[in-house]
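Visitor:
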Amino acid sequence: MKLCATTMPVGSSVMIIGYPAFAVSSPIQKTGFRTVTDGIISAHDTNTTVDGLPYADYYVSAKMDGGNSGGIALSKDKDGLCLLGIPTWLSFGDYETQGMVQNIHNVMFIE
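Residues in the sequence shown are numbered consecutively from 263, following our numbering.
Given below as structure tokens:
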């Protein structure tokens, strides 16, 4: 699968594929069902300076929960589907959650 551009525009479509905690059907089940959620890129994380990684990560509106981390995030450009990055679920306070996608170009960054 081809990689998305180094910076996809805000408003671009996003599809998250993973095994989130909210998909577990019983307390004894160890792994949830695979889910696919969609949304858009809400914003760029311009604070991506850890270890000199050069590309902004993405805040997304697609529903994510613990367990989506490490899944796959896809987007779409003029040529079709592309690999956007790796989902990371974040929690802010008691009620707010925010999905973040690590830019695939940072994940695969080679100098």
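Just so it is clear, CB atoms sit at the ideal spot from N, CA and C, and this is done for glycine as well. Remember, predicted model here, so these are calculated numbers, not experimental data.
Cβ of alanine 317 within 7 Å of Cβ of alanine 305?
Guide: One point to set straight first is that residue 317 is tyrosine, not alanine, in the sequence displayed. Taking 7 Å as the Cβ cut-off, tyrosine 317 and alanine 305 do not qualify as a contacting pair.
Visitor: Whose C-alpha, out of Pro349, Ile302, Val298, is nearest the C-alpha of glycine 328?
Guide: Pro349
Visitor: State buried or exposed for threonine 308, treating a residue as buried only when at least 16 other CB atoms are found within 10 Å of its CB.
Guide: exposed
Visitor: If we require 3 or more residues per run, which beta strand (DSSP E) segments fall completely within the segment 299-369?
Guide: With a minimum length of 3 residues, the unbroken runs of beta strand (DSSP E) contained wholly in the segment 299-369 fall at 319-322, 334-339, 342-354, 358-365.
Visitor: Can you check DSSP and say which residues form a bridge with valine 276?
Guide: Gly301, Ser337
Visitor: Can you name, in chain order, every residue of its own chain whose Cβ lies under 8 Å from the Cβ of valine 298, other than the five neighbours on each side?
Guide: Hits under 8 Å: Met277, Ile278, Ile279.
Visitor: Could you tell me which of Arg296, Leu315, Leu343, Gly273 sits nearest to asparagine 365, measuring between CA atoms?
Guide: Leu315
Visitor: When burial is assigned at 16 or more other CB atoms within 10 Å of the CB, is histidine 267 buried or exposed?
Guide: Before going further, note that residue 267 is alanine rather than histidine in the sequence given. Per the 10 Å Cβ criterion, exposed.
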